[in-house]
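Those protein sequence lines, which keep their order, are chains Z and D. Quick note, the first sequence lines up with residues 1 to 236 if you use my numbering. Quick note, the second sequence lines up with residues 1 to 612 if you use my numbering.
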Amino acid sequence: MLPVNEAVKSSIEDRRTLRLKFSKTGRLIYISHLDLARTMTKILTRAGIPLWYTEGFNPRPKVAFSTPLSIGTASVCEYVDIKVNGDFTPSEYGEAVACQLPRDMSILDAYIPQTKFSEIAYSDYEINITGRGCTGYEPGSAEKLFCEPVAVMKKSKSGDKEINISSRIKSLRSEKGDNSVKLYVRLPADSENFINPELLVSALQASLGIPCADDIDAGHTVLRTGLFFADESEFR
Amino acid sequence: MNRDTVLRRVSKPGRYSGGEIGEVIKDKNTAEMRVAFCFPDIYDIGMSNLGMRILCGVLNCDDRIWCERVFMPWTDMMQEMKNAGMLLSALESGDPLTEFDMVGITLQYELCYSNAVMMLRLAGIPLRASERGEEYPVILGGGPCAYNPEPVADFFDIFSIGEGEEALPELCDLYMSMKKDGSYTKKAFLRRAAKLDGFYVPSLYSVSYNEDGTIASFAPVYEDVPQKITKRLIKDLDKVFYPEKPLLPYIETVQDRIVLETNRGCIRGCRFCQAGMTNRPVREKTPEVLDCQARELYGNTGYDEISMCSLSISDYSRIGELTDRLLSWTDAKKVSISLPSLRVDSFTKELMDKISGVRTSGLTFAPEAGTQRLRDVINKNVCEEDLLRAVNVAFSAGKTSVKLYFMSGLPTETREDIKGISELALHVLDTFYKNQEKNRKKPPLVTVSVSCFIPKPFTPFQWDPQDTLDSLREKQMYLAENITDRKIRYNWHDAKVSRIEAVFARGDRRLSDVFVKACDAGICFDAWDEYFDYERWLSVFGECGIDPAFYANREFGEKEILPWDMIDCGVTKEFLLRERRRSKEGKTTPSCRETCSGCGANKLGGERRCCP
Numbered sequence: 001m002l003p004v005n006e007a008v009k010s011s012i013e014d015r016r017t018l019r020l021k022f023s024k025t026g027r028l029i030y031i032s033h034l035d036l037a038r039t040m041t042k043i044l045t046r047a048g049i050p051l052w053y054t055e056g057f058n059p060r061p062k063v064a065f066s067t068p069l070s071i072g073t074a075s076v077c078e079y080v081d082i083k084v085n086g087d088f089t090p091s092e093y094g095e096a097v098a099c100q101l102p103r104d105m106s107i108l109d110a111y112i113p114q115t116k117f118s119e120i121a122y123s124d125y126e127i128n129i130t131g132r133g134c135t136g137y138e139p140g141s142a143e144k145l146f147c148e149p150v151a152v153m154k155k156s157k158s159g160d161k162e163i164n165i166s167s168r169i170k171s172l173r174s175e176k177g178d179n180s181v182k183l184y185v186r187l188p189a190d191s192e193n194f195i196n197p198e199l200l201v202s203a204l205q206a207s208l209g210i211p212c213a214d215d216i217d218a219g220h221t222v223l224r225t226g227l228f229f230a231d232e233s234e235f236r
Numbered sequence: 001m002n003r004d005t006v007l008r009r010v011s012k013p014g015r016y017s018g019g020e021i022g023e024v025i026k027d028k029n030t031a032e033m034r035v036a037f038c039f040p041d042i043y044d045i046g047m048s049n050l051g052m053r054i055l056c057g058v059l060n061c062d063d064r065i066w067c068e069r070v071f072m073p074w075t076d077m078m079q080e081m082k083n084a085g086m087l088l089s090a091l092e093s094g095d096p097l098t099e100f101d102m103v104g105i106t107l108q109y110e111l112c113y114s115n116a117v118m119m120l121r122l123a124g125i126p127l128r129a130s131e132r133g134e135e136y137p138v139i140l141g142g143g144p145c146a147y148n149p150e151p152v153a154d155f156f157d158i159f160s161i162g163e164g165e166e167a168l169p170e171l172c173d174l175y176m177s178m179k180k181d182g183s184y185t186k187k188a189f190l191r192r193a194a195k196l197d198g199f200y201v202p203s204l205y206s207v208s209y210n211e212d213g214t215i216a217s218f219a220p221v222y223e224d225v226p227q228k229i230t231k232r233l234i235k236d237l238d239k240v241f242y243p244e245k246p247l248l249p250y251i252e253t254v255q256d257r258i259v260l261e262t263n264r265g266c267i268r269g270c271r272f273c274q275a276g277m278t279n280r281p282v283r284e285k286t287p288e289v290l291d292c293q294a295r296e297l298y299g300n301t302g303y304d305e306i307s308m309c310s311l312s313i314s315d316y317s318r319i320g321e322l323t324d325r326l327l328s329w330t331d332a333k334k335v336s337i338s339l340p341s342l343r344v345d346s347f348t349k350e351l352m353d354k355i356s357g358v359r360t361s362g363l364t365f366a367p368e369a370g371t372q373r374l375r376d377v378i379n380k381n382v383c384e385e386d387l388l389r390a391v392n393v394a395f396s397a398g399k400t401s402v403k404l405y406f407m408s409g410l411p412t413e414t415r416e417d418i419k420g421i422s423e424l425a426l427h428v429l430d431t432f433y434k435n436q437e438k439n440r441k442k443p444p445l446v447t448v449s450v451s452c453f454i455p456k457p458f459t460p461f462q463w464d465p466q467d468t469l470d471s472l473r474e475k476q477m478y479l480a481e482n483i484t485d486r487k488i489r490y491n492w493h494d495a496k497v498s499r500i501e502a503v504f505a506r507g508d509r510r511l512s513d514v515f516v517k518a519c520d521a522g523i524c525f526d527a528w529d530e531y532f533d534y535e536r537w538l539s540v541f542g543e544c545g546i547d548p549a550f551y552a553n554r555e556f557g558e559k560e561i562l563p564w565d566m567i568d569c570g571v572t573k574e575f576l577l578r579e580r581r582r583s584k585e586g587k588t589t590p591s592c593r594e595t596c597s598g599c600g601a602n603k604l605g606g607e608r609r610c611c612p
């Protein structure tokens with residue numbers, strides 16, 4: 001049981017933040033995280049959400065996103081925390097925002113958060129690789145491949161670094177389809193250990209021998225399906 | 001390789017994916033006419049173009065028409081498209097341009113001509129109009145450069161001259177009615193379109209040349225084709241369509257904010273300025289309508305900045321009233337107001353106070369020339385006193401940096417005038433130091449930005465030669481030597497780029513070979529530093545037997561037939577010649593608001609103009 005004044009303080013704090021869970025799919029996968037962040041402020045303004053602004057010469061609203069999403073990845077579990085003025089009913093605001101969204105984005109939930117984004121430890125991805133090379137896929141080969149170290153150059157602003165992506169995979173399961181291979185993976189979400197699921201795709205495509213230059217059906221999709229705490233329970 | 005794979009390989013795939021809020025999607029099977037509106041530069045640049053937004057919006061108001069957008073793909077995408085055998089297609093539907101009824105390309109600046117031609121190539125459309133059969137769309141050109149369309153005339157079927165809000169729907173109406181009653185063939189359509197006001201069909205005119213290369217004759221091929229084409233003009237800007245539900249780009253574009261067009265045309269008559277002349281007569285929108293539009297736009301977009309679009313915003317007669325109206329709601333909504341380059345003689349403390357509100361952008365002034373003598377020659381009616389007073393207003397309000405625009409290579413220019421630029425900059429710095437109310441926390445910064453003079457059609461200087469490359473560069477270095485104070489930053493434009501621009505600006509039809517060869521050689525993105533290649537242009541000119549100096553550096557004769565003489569933009573040649581004479585005598589001409597100088601644009605009419 002919290003001391004009385006702390007309970008009041010935390011409830012005042014909580015009352016001011018709105019958390020929205022949203023999906024980003026379809027043509028929006030080509031829009032970068034930064035571009036989406038910029039668009040979000042305009043969406044919120046159009047929805048009439050009374051944004052809280054920083055004091056000073058250059059007032060800015062406080063809108064923070066959960067883990068960044070790479071270009072090309074779709075997601076059904078993105079979160080944004082918005083600092084809002086005054087009392088509100090989360091569902092009311094969620095609906096107002098939903099009316100201002102483009103077709104490839106939807107609001108999945110609206111509530112007052114009790115957790116922080118820094119507590120997010122893992123993200124789940126569903127990867128679908130298509131192409132002629134997939135027909136010869138041996139079930140279990142992906143699991144075998146990532147049992148051994150797989151070295152990949154990770155590009156970063158401070159220089160390229162060679163990392164072993166296999167060591168960072170929390171769990172992985174593969175499934176063979178007709179002309180496709182599906183991967184269900186759990187990867188770390190914190191900035192230290194984060195790896196782009198595209199790296200797994202390239203490694204697997206290389207070993208499967210796809211895409212062939214003339215195979216127009218060769219391709220892949222990546223969908224982020226969930227976020228988890230360190231104890232692997234679902235994030236909210 | 002499919003589209004998704006291609007998009008994953010290029011930078012900023014959002015440029016090509018569409019799906020923006022405000023996107024107009026119609027059913028292509030029920031649309032009577034499909035128009036593809038092309039902007040010859042990348043998405044990031046083209047999306048902020050107001051003209052494109054207005055015209056696409058106007059056409060989409062008609063239920064029978066579906067107008068879609070096309071932008072120039074960036075070089076990485078061009079390569080991927082080539083490898084994958086993909087044709088240039090429109091953003092909304094993803095359909096290739098060859099499936100459209102009409103393809104419009106807006107010509108915004110001369111350096112985009114190579115991109116415009118390249119877009120036709122990327123679309124799989126034969127470049128020359130004469131090579132295209134019925135199966136290809138009608139290719140329409142327009143925009144500011146259409147006032148001299150001759151260098152690219154061979155690539156277009158028809159040009160829209162002047163303001164297109166009423167002209168384009170008329171053209172589309174004609175197209176649809178001819179298709180309906182079965183009378184449509186491209187030839188028949190163009191013959192009838194040539195009779196509509198404000199349309200130029202190049203194939204219906206023939207040109208011949210003298211021994212010395214100048215034009216011997218330019219005349220219509222048939223009797224019923226007009227000798228001169230008068231530009232289209234919107235009479236009442238308050239009543240004309242304005243896009244209030246704009247498309248919102250995800251990608252960061254260059255001018256990502258609410259744009260309010262306050263007026264068209266300019267009262268000042270600076271002698272180098274094409275836009276000021278070709279957009280006359282000056283017509284204004286009322287503050288009531290502008291404020292309404294601003295509120296609508298804010299509600300439909302959520303932008304936090306409003307910018308005024310005007311050739312000279314401080315000359316808008318009701319600027320005080322407009323800013324007052326806007327400020328009654330923008331401050332509370334945390335929306336800032338920004339103004340484009342300001343005229344020094346009408347910049348006041350009142351104006352400064354109003355835009356100081358929320359977030360302020362930098363202040364820019366354009367003295368254009370370093371000495372009063374030269375400023376009088378170019379009719380930039382401002383004196384040093386005015387400039388110093390204006391910057392003082394800015395400094396007193398806390399601003400510490402100011403940008404000054406100049407031009408070098410102006411007619412009658414001497415070294416004295418170049419030196420004058422550095423002296424003016426120093427005087428501005430002095431004014432800062434002497435100002436008692438200045439911001440003492442930051443050091444001052446005066447940025448001097450110098451471009452090269454380019455003679456443009458429909459200006460009093462249209463006959464004047466551009467300074468030679470050597471002379472321009474020498475002057476640039478001379479100025480650099482004279483600017484020694486570290487609080488003055490000096491930028492200058494590449495003279496080679498300006499030279500190519502000058503060739504295209506005063507060019508004629510003989511340049512079409514040049515553009516075909518340039519396209520074959522893969523030349524494009526001339527407005528981009530990393531792609532502009534002067535030597536390649538010189539060699540293309542050489543291969544086509546074109547001497548660039550003929551267009552850029554030659555003084556045109558006052559009795560010569562000019563390539564753009566068939567167009568009537570309102571302002572008369574007599575007026576331009578009068579102004580040229582006055583410039584040689586160092587005489588200034590007052591603004592339209594002070595006295596009418598009889599430029600001739602008045603005959604075109606228009607509401608709320610200051611013509612008598």
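Built from N, CA and C at the ideal position, the CB exists for glycine as well. Treat the numbers as computed from the prediction; the structure is a model and nothing was measured.
Taking beta-carbon pairs under 9 angstroms, can you tell me which members of the stretch 24-40 of chain Z lie near chain B?
Here the protein chains are Z and D, and chain B is not one of them.
Going along chain Z in order, which residues have a C-beta closer than 7 angstroms to the C-beta of D/Asp27?
One-based indexing of the second sequence puts residue 27 of chain D at position 27. None at all; the shortest Cβ gap to chain Z is about 16 angstroms.
Tell me, please, whether the stretch 250-262 of chain D touches the stretch 217-235 of chain D by the rule of three or more beta-carbon pairs shorter than 8 angstroms.
Segments in contact, no.
Answer yes or no: do Z/Ile71 and Z/Ser123 have a C-beta to C-beta separation smaller than 8 angstroms?
Indexing the first sequence from 1 puts residue 71 of chain Z at position 71. Indexing the first sequence from 1 puts residue 123 of chain Z at position 123. Contact flag unset, no.
So the candidates are D/Pro367, D/Asp470, D/Arg581 and D/Asp4; which of them puts its Cα closest to the Cα of D/Ser449?
As a working mapping, residue 449 of chain D is identified with position 449 in the second sequence. Checking every option, the nearest Cα to that of D/Ser449 belongs to D/Pro367.
Among Z/Ser180, Z/Asp160, Z/Pro188 and Z/Lys157, which one has its Cα closest to the Cα of Z/Leu172?
Here residue 172 of chain Z corresponds to residue number 172 of the first sequence, with the count starting at 1. Among Z/Ser180, Z/Asp160, Z/Pro188 and Z/Lys157, the Cα nearest to that of Z/Leu172 belongs to Z/Pro188.
With a threshold of 8 angstroms, are at least 3 pairs of Cβ atoms found where one atom belongs to the stretch 485-495 of chain D and the other to the stretch 538-553 of chain D?
With the cut-off at 8 angstroms, the stretch 485-495 of chain D and the stretch 538-553 of chain D do not touch.
Fully enclosed by the stretch 348-412 of chain D, which beta strand (DSSP E) runs are 3 residues long or longer?
Runs of the beta strand (DSSP E) inside the stretch 348-412 of chain D: 363-368 and 401-408.
For Z/Thr45, would you say it is in contact with chain D, using Cβ-to-Cβ distances shorter than 8 angstroms as the test?
In the first sequence, counting from the first residue as 1, residue 45 of chain Z sits at position 45. It does; some Cβ of chain D falls within 8 angstroms.
On the premise that Z/Tyr93 lies in contact with Z/Leu18, defined as a C-beta separation below 8 angstroms, what is that separation, rounded to the nearest angstrom?
As a first step, residue 18 of chain Z must be located in the first sequence, where it is residue number 18. As a first step, residue 93 of chain Z must be located in the first sequence, where it is residue number 93. The Cβ separation is near 6 angstroms, so the contact holds.
With three or more beta-carbon pairs closer than 8 angstroms as the criterion, would you say the stretch 9-20 of chain D touches the stretch 75-85 of chain D?
Yes: at least three Cβ pairs fall under 8 angstroms.
Between the alpha carbons of D/Gly522 and D/Met118, how many angstroms are there, rounded?
Looking up residue 522 of chain D in the second sequence gives position 522. Looking up residue 118 of chain D in the second sequence gives position 118. In a straight line, the C-alpha of D/Gly522 is about 8 angstroms away from that of D/Met118.
How about D/Met176 and D/Glu32: are their beta carbons less than 8 angstroms apart?
Position 176 of the second sequence, counted from the first residue, corresponds to residue 176 of chain D. Position 32 of the second sequence, counted from the first residue, corresponds to residue 32 of chain D. It is a contact, given that the beta carbons lie within the stated cut-off.
Counting only beta-carbon separations shorter than 8 angstroms, does D/Ala601 have a partner in chain Z?
Locating residue 601 of chain D in the second sequence gives position 601, where the first residue counts as 1. No, its Cβ sits nowhere closer than 8 angstroms to a Cβ of chain Z.
Is there a Cβ of chain D sitting closer than 8 angstroms to that of Z/Ile129, yes or no?
Taking the first sequence and counting its residues from 1, one reaches residue 129 of chain Z at position 129. Not one chain D Cβ lies under 8 angstroms of Z/Ile129.
Flag Z/Gly86 as yes if its beta-carbon sits less than 8 angstroms from any beta-carbon of chain D, otherwise no.
Reading the first sequence from its first residue, position 86 is the one you call residue 86 of chain Z. No, because no Cβ of chain D sits closer than 8 angstroms to the Cβ of Z/Gly86.
For the alpha helix (DSSP H) containing Z/Leu200, list its first residue and its last residue.
What you label residue 200 of chain Z is simply residue 200 of the first sequence in a count that begins at 1. Note, Z/Leu200: alpha helix (DSSP H), Pro197 to Leu208.
Work out the CA separation of Z/Asp160 and Z/Ile169 for me, nearest whole Å.
Locating residue 169 of chain Z in the first sequence gives position 169, where the first residue counts as 1. Locating residue 160 of chain Z in the first sequence gives position 160, where the first residue counts as 1. Straight-line Cα distance between these residues: approximately 20 angstroms.
For the candidate residues D/Cys172, D/Pro126, D/Gly398 and D/Leu247, whose alpha-carbon lies nearest to that of Z/Phe57?
One-based indexing of the first sequence puts residue 57 of chain Z at position 57. Out of D/Cys172, D/Pro126, D/Gly398 and D/Leu247, D/Gly398 has the C-alpha closest to the C-alpha of Z/Phe57.
Give me the residue from Z/Ser207, Z/Tyr30 and Z/Phe229 with the minimum Cα distance to Z/Glu143.
Counting from one through the first sequence, the residue named residue 143 of chain Z turns up at place 143. Checking every option, the nearest Cα to that of Z/Glu143 belongs to Z/Ser207.
Determine the closest residue to D/Thr400 out of D/Asn379, D/Lys487, D/Glu350 and D/Pro340, with distance taken between C-alpha atoms.
As a working note, residue 400 of chain D is residue 400 in the second sequence. Nearest of D/Asn379, D/Lys487, D/Glu350 and D/Pro340 to D/Thr400, Cα basis: D/Lys487.
Give the range of the beta strand (DSSP E) segment to which D/Met72 is assigned.
By one-based count along the second sequence, residue 72 of chain D stands at place 72. Looking at the DSSP string, D/Met72 is not in any beta strand (DSSP E), and its letter there is neither H nor E.
Can you tell me whether Z/Cys147 is helix, strand or coil according to DSSP?
What you label residue 147 of chain Z is simply residue 147 of the first sequence in a count that begins at 1. Correct three-state label for Z/Cys147: coil.
Contact between the stretch 261-272 of chain D and the stretch 310-324 of chain D: three or more CB pairs below 8 angstroms?
Yes, since at least three Cβ pairs between the stretch 261-272 of chain D and the stretch 310-324 of chain D fall closer than 8 angstroms, the two stretches touch.
Have a look at D/Tyr616 and D/Ile125 and give me their C-alpha separation to the nearest angstrom.
The structure shown does not extend to residue 616 of chain D, since chain D spans only 1 to 612, so no value can be given for it.
Rounded to the nearest angstrom, what separates D/Glu92 and D/Ile42 at their Cα positions?
As a working mapping, residue 92 of chain D is identified with position 92 in the second sequence. As a working mapping, residue 42 of chain D is identified with position 42 in the second sequence. Answer to the nearest angstrom: the Cα atoms are 16 angstroms apart.
Where D/Phe453 and D/Met407 are concerned, what is the direct C-alpha to C-alpha distance, given to the nearest angstrom?
Locating residue 453 of chain D in the second sequence gives position 453, where the first residue counts as 1. Locating residue 407 of chain D in the second sequence gives position 407, where the first residue counts as 1. Cα to Cα, the separation comes out at about 6 angstroms.
For the stretch 81-92 of chain Z against the stretch 223-236 of chain Z, are there 3 or more C-beta pairs whose distance is under 8 angstroms?
No, the stretch 81-92 of chain Z does not touch the stretch 223-236 of chain Z.
Give the secondary structure of Z/Ser75 by DSSP, where H, G and I count as helix, E and B as strand, and everything else as coil.
Position 75 of the first sequence, counted from the start, is the residue given in the question as residue 75 of chain Z. Z/Ser75 falls in the strand class under three-state DSSP.
By a C-beta neighbour count over all protein chains shown, 10 Å radius and 16 as the cutoff for buried, is D/Val358 buried or exposed?
On the second sequence, residue 358 of chain D is found 358 positions in, with the first residue counted as 1. Here D/Val358 scores only 42 on pLDDT, less than 50, and its place in the model is too uncertain to base an answer on.
I need the boundaries of the beta strand (DSSP E) containing D/Pro499, first residue and last residue.
Within the second sequence, the letter at position 499 stands for residue 499 of chain D. A quick correction: the sequence has Arg, not Pro, at residue 499 of chain D. That residue, D/Arg499, is in no beta strand (DSSP E); its alpha helix (DSSP H) goes Ala495 to Ala505.
Would you report the Cα separation of D/Ser307 and D/Pro340, rounded to the nearest angstrom?
Here residue 307 of chain D corresponds to residue number 307 of the second sequence, with the count starting at 1. Here residue 340 of chain D corresponds to residue number 340 of the second sequence, with the count starting at 1. Each residue's alpha carbon lies about 7 angstroms from the other.
State buried or exposed for D/Thr106, treating a residue as buried only when at least 16 other CB atoms are found within 10 Å of its CB.
For this step, residue 106 of chain D is matched to residue 106 along the second sequence. Buried is the call here.
Against chain D, with Cβ distances strictly below 8 angstroms, would Z/Gly159 count as a contact?
As a working mapping, residue 159 of chain Z is identified with position 159 in the first sequence. No, its Cβ sits nowhere closer than 8 angstroms to a Cβ of chain D.
For a contact defined as C-beta to C-beta under 8 angstroms, what are the partners of D/Lys441 on chain Z?
Indexing the second sequence from 1 puts residue 441 of chain D at position 441. Correct list: empty, because the minimum Cβ distance to chain Z is about 12 angstroms.
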